[in-house]
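Residue numbers (the working numbering): 85 to 490. In what follows, a structure is listed as structure tokens, so that the remarks can point back to it.
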């Protein structure tokens with residue numbers, strides 16, 4: 085905490101959080117500090133937090149002692165979260181990352197001295213009983229012990245597009261964006277010219293729509309981001325065009341062999357030997373690489389796309405079938421060597437393993453602290469600020485941490 089207060093001015097950042105309550109007895113800044121330390125201390129629920137709100141060490145930690153002997157109830161914490169100004173909460177996380185960038189934490193970049201952001205969809209929880217106005221709905225089958233369908237019931241869930249800064253040393257959350265149901269989607273333009281009109285969307289948003297909105301805000305906030313890394317969902321012309329307009333490169337995993345430009349690249353590689361073979365003594369892997377630059381067969385994208393394929397064989401387990409990866413590369417990422425492109429594409433799994441897995445199992449984000457759309461986003465941003473602070477401290481201040489943990 086001394087590191088957070090000295091380097092990131094944490095108390096002042098949390099003190100800038102405001103909410104919509106009128107003349108509250110417990111300020112939004114104290115509530116924000118309470119939620120921040122709830123995440124940092126891995127407190128599993130607001131019920132488990134309740135006794136802490138009367139303990140002197142916790143009150144000193146959030147800056148409420150010795151003036152107060154008790155902070156408030158957890159119901160007050162929940163009401164404050166529901167009314168928090170989302171921009172002021174997000175500003176805590178943004179200020180922390182901007183300060184780290186000014187302190188040259190990301191200056192060296194990673195492969196090719198570039199900064200990479202992995203983007204993916206995340207569903208932290210679902211319920212068949214409780215729901216809120218921002219819940220997405222799907223129909224699921226309920227089966228008995230014999231596997232026979234008894235009935236079909238609605239299931240309510242929240243889904244977010246998440247942007248994670250991936251690096252050799254650490255992975256940091258930089259932003260999230262919710263996927264909206266059809267009732268909350270903005271109006272869309274139908275038609276062209278004088279016949280154009282605004283109409284209401286008839287379907288829920290998809291992950292791609294939320295991710296496009298997210299990456300625009302990420303680039304506007306963090307101008308030093310260079311490359312976006314995504315799975316096969318993002319291997320389409322409109323999304324690559326959006327990245328080009330923002331000045332971002334892309335490394336996108338491609339899976340459908342019938343889709344361009346991968347189809348054309350596979351045709352060209354059909355009878356060719358590997359262009360390059362690389363052996364990694366550290367990971368005990370042999371990688372065969374094929375490279376095909378300047379493809380223009382994707383009709384929905386005007387630029388040139390580079391295709392890279394890598395086949396990885398584990399030397400210690402030769403009986404295992406090799407793993408094959410195909411990637412689409414655009415923008416700044418095209419200057420990378422093919423083995424570096426493969427390394428970046430494989431690093432996309434950081435968002436699954438380091439991110440989603442740890443947040444639900446260790447950081448308790450699979451638990452619904454308060455089922456309200458604004459409360460959930462406020463809590464997520466404060467928890468992610470705590471996650472980023474702990475990650476930066478471990479890898480920058482505890483010099484042996486990364487080495488001891490491999």
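Note that the Cβ used here is the ideal one computed from N, Cα and C, for glycine as well.
By the C-beta density criterion, residue 129 is exposed, having fewer than 16 other C-beta atoms within 10 angstroms. The C-alpha of residue 341 lies about 50 Å from the C-alpha of residue 87.
For the pair residue 396 and residue 426, the CB atoms are nearer than the 9 Å cut-off. For residue 134, the three-state secondary structure derived from DSSP is helix.
The beta carbon of residue 353 lies closer than 6 Å to those of 374 in the same chain, with the five residues before and after it left out. Where residue 162 is concerned, the enclosing alpha helix (DSSP H) starts and stops at 158-166. When secondary structure is reduced to three states using DSSP, residue 446 falls in the coil class, being assigned neither helix nor strand.
Taking all protein chains shown into account, residue 391 has 16 or more neighbouring C-beta atoms within 10 Å of its C-beta and is therefore buried. Taking all protein chains in view, the Cβ of residue 351 is surrounded by fewer than 16 other Cβ atoms within 10 Å, so the residue is classified as exposed.
Collapsing the DSSP output to three states places residue 119 in a helix. Contact annotation: residue 387 and residue 409 have beta-carbon atoms that are not nearer than 9 Å. Approximately 10 Å separates the beta-carbon atoms of residue 254 and residue 471; this is outside 8 Å, ruling out the contact. The way I'd put it, the segment 219-238 doesn't touch the segment 175-187; fewer than three beta-carbon pairs between them come closer than 8 Å. Between the C-alpha atoms of residue 191 and residue 320 there is a straight-line separation of about 31 Å.
The beta-carbon distance between residue 209 and residue 452, rounded to whole angstroms, is 6 Å. This is short enough to meet the 8 Å contact definition.
Beta-bridge partners of residue 216 (DSSP): none assigned.
Counting C-beta atoms within 10 angstroms of its own C-beta, residue 242 has 16 or more neighbours from the protein chains shown and is therefore classed as buried. Bounds of the beta strand (DSSP E) holding residue 247 are 244-250. If you draw a 10 Å sphere on the C-beta of residue 400, you find fewer than 16 other C-beta atoms in it, and that means exposed. Three or more Cβ pairs closer than 8 Å define a contact, and the segment 173-181 falls short of that threshold against the segment 204-219. In this structure the segment 115-130 touches the segment 142-162; the number of beta carbon pairs closer than 8 Å is three or more. Residue 194 and residue 360 have their C-alpha atoms spaced approximately 22 Å apart.
Around the beta-carbon of residue 309, 16 or more other beta-carbon atoms lie within 10 Å, marking it buried. Looking at the DSSP output, residue 198 sits in no beta bridge, so it has no partner there. Between the beta-carbon of residue 411 and that of residue 335 there is about 6 Å, and that keeps the pair under the 8 Å contact cut. Among the bridge pairs identified by DSSP, residue 469 is matched with none.
Judged by DSSP in its simplified three-state form, residue 437 adopts helix. Sixteen is the threshold: when 16 or more other Cβ atoms of the shown chains lie within 10 Å of the Cβ of residue 439, as they do, the residue is buried. In this structure residue 154 touches residue 137 by the C-beta definition: roughly 6 Å separates them, less than 8 Å. Assigned with DSSP and collapsed to three states, residue 293 falls in helix.
In chain order, 326 place their CB closer than 6 Å to the CB of residue 296, counting only its own chain and leaving out the 5 sequence neighbours on each side. In the structure shown, residue 378 falls within a strand segment according to DSSP collapsed to helix, strand and coil. When secondary structure is reduced to three states using DSSP, residue 141 falls in the helix class. 9 Å or more divides the Cβ of residue 313 from the Cβ of residue 126.
In this structure residue 201 is buried. Its beta-carbon is surrounded by 16 or more other beta-carbon atoms within 10 angstroms.
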